[in-house]
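Enquirer: Sharing a structure with you now.
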Amino acid sequence: MANQLKQILIVEDEQAIADNIAFAVETEHMEPVHAATAGAAEERLGERSIDLIVLDVGLPDESGFDFCRRIRAKSDVPIIFLTARESEIDRIVGLELGADDYMAKPFSPRELTARIRAILRRSGQAVPMSGHARPEPVFAVDEKTKTIVYKGAPLDLSRYEFRMLELMIRHPGQVFSRGQLMDHAWEEPDASYDRTVDTHIKTLRSKLRNVDPECACLQTRRGFGYCLRVGE
Ligand code: CA
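Be aware that the sequence shown starts at 56, since it is given in our numbering, and climbs by one per residue.
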């Protein structure tokens, strides 16, 4: 992987909470670094290049507020406060601490990692959504709304077109005869209507080409039928 994992310093003296956050951070493909005290956090900051700090307000050796002030004097690393009390939220919001966000306990670790991502994105340090950069799917089928999205653009399809294309998307590369397509798409298939399939394939092609003029994925296999080839 080209991107180095983002290092998230978790400054929290309650082990169970720190573990929860660390697990959520790891799940999101970032690297948790734990410190149970402000002193330990300061050491970690000296040792590593930390991308963001999750900072508990109530630490045993120093208040999170004071720690934040000291950090801010020398660094603008993003900071998210964790608070246990309403009065602390008032202070974070009211004081010029330079915090980027805050969360009140109890909080959802997933909500916290969503905010971590948002802040890293804002500060131009995008985190890949997963270990592998997954390309957008060429086709996406939404069964509920009966829509098919092609390269990000929803297609305006008739019922028959939807059913034929959906079948081919589910079985990329497989060749379907006109009869098979008709059986799948029409409630009352009629073998004499082979040309109907051809007509719908033709309009499907032109709808795909409205999105991508180069689209050649809906292929004719002479003597057999049609198939969908993606990513060639
Ligand atoms: Ca605490």
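No residue lacks a Cβ here, since even glycine has one placed at the ideal position from N, Cα and C. Given the structure is predicted, the values throughout are model-derived calculations rather than measurements.
Which runs of the alpha helix (DSSP H), 4 residues or longer, sit entirely within the region 237-279?
Expert: As far as the region 237-279 is concerned, its whole alpha helix (DSSP H) runs of at least 4 residues are 249-266.
Enquirer: What does the alpha-carbon distance come out to for the pair residue 186 and residue 114?
Expert: Residue confidence is low: residue 186 scores 41 on pLDDT, short of 50, so the model does not pin down where it sits. Its coordinate-derived value is still stated next. C-alpha separation (whole angstroms): 33 Å.
Enquirer: Between the beta-carbon of residue 139 and the beta-carbon of residue 160, is there less than 8 Å?
Expert: Cβ distance < 8 Å, so residue 139 and residue 160 count as in contact.
Enquirer: Considering only heavy atoms of ligand 1 and the C-beta of each residue, which residues fall inside 5 Å, strictly closer?
Expert: Here the residues come out as 68, 111 and 113.
Enquirer: If I follow the unbroken alpha helix (DSSP H) through residue 231, where does it start and stop?
Expert: Segment: none, residue 231 is in no alpha helix (DSSP H) and carries neither H nor E.
Enquirer: If I'm right that residue 83 touches residue 168 with Cβ under 8 Å, what's the distance once you round it to whole angstroms?
Expert: Confirmed, Cβ separation roughly 5 Å.
Enquirer: Identify, in the order they occur along the chain, each residue of the same chain with its Cβ nearer than 8 Å to the Cβ of residue 276, setting aside the five sequence neighbours on each side.
Expert: Closer than 8 Å at the Cβ level, and outside the excluded window around residue 276, lie 230 and 282.
Enquirer: Would you mind sorting residue 128 into buried or exposed? The rule is 16 or more other CB atoms within 10 Å of its CB.
Expert: By the 10 Å Cβ count, residue 128 comes out exposed.
Enquirer: Please report the distance separating the alpha-carbon of residue 226 from that of residue 265.
Expert: The straight-line gap from Cα to Cα measures roughly 23 Å.
Enquirer: Report the three-state DSSP secondary structure of residue 130 (helix, strand or coil).
Expert: Reduced to three states, the DSSP call for residue 130 is coil.
Enquirer: Around the C-beta of residue 268, are 16 or more other C-beta atoms found within 10 angstroms, so that it is buried, or is it exposed?
Expert: Classification of residue 268: exposed, given that the 10 Å Cβ count is below 16.
Enquirer: Which same chain residues end up closer than 7 Å to residue 202 when comparing Cβ atoms and leaving out the 5 residues on each side of it in sequence?
Expert: Correct list, in chain order: 209.
Enquirer: DSSP three-state label for residue 62, please.
Expert: Residue 62 falls in the strand class under three-state DSSP.
Enquirer: Does the beta-carbon of residue 199, which I'm using as the reference point, lie nearer than 7 Å to any heavy atom of ligand 2?
Expert: For the structure depicted, ligand 2 is absent and the ligand set comprises only ligand 1.
Enquirer: What is the DSSP secondary structure of residue 138, counted as helix, strand or coil?
Expert: Residue 138 falls in the strand class under three-state DSSP.
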